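>
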Amino acid sequence: MFDTSAILKPSIKSRFRGFLPVVVDVETAGINPENNALLEICLVLVEMDDKGMLYRGKSYFEHVLPFPGAVLDEESLAFNQ
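To convert, take the position in the sequence shown, counting from 1, and add 1069; that gives my numbering.
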């Protein structure tokens, strides 16, 4: 008998048309991109289990040095820690 479990198993590749889904989160020193710096960026990979349910995969993050002359809003810094 032919095993159809491999055929019916959901695939993240087919679910997202061949693209790898990621969630991107950024932390900034304010809301004005011309004056306030990007402080941190985080990427979270999206994984899929055998039942087709999505879950959080590995995370990657990096702190970003502010550009010269950037305004660092104290409230934003306190919120972002």
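Note that the Cβ used here is the ideal one computed from N, Cα and C, for glycine as well. All figures in this text were calculated on a predicted structure; none of them were measured in a lab.
Could you tell me which residues DSSP puts in a beta bridge with Val1093?
Leu1112
> Would you decide whether Met1117 is buried or exposed? Buried here means 16 or more other CB atoms lie within 10 Å of its CB.
With 16 or more Cβ atoms within 10 Å of its Cβ, Met1117 is classed as buried.
> Would you identify the three-state DSSP class for Lys1127, choosing helix, strand or coil?
strand
> Which of the three DSSP states is assigned to Leu1107 in this structure?
The answer is strand: DSSP assigns Leu1107 an E or B state.
> Use the C-beta contact count for Ala1147: other C-beta atoms within 10 angstroms, 16 or more gives buried, fewer gives exposed.
exposed
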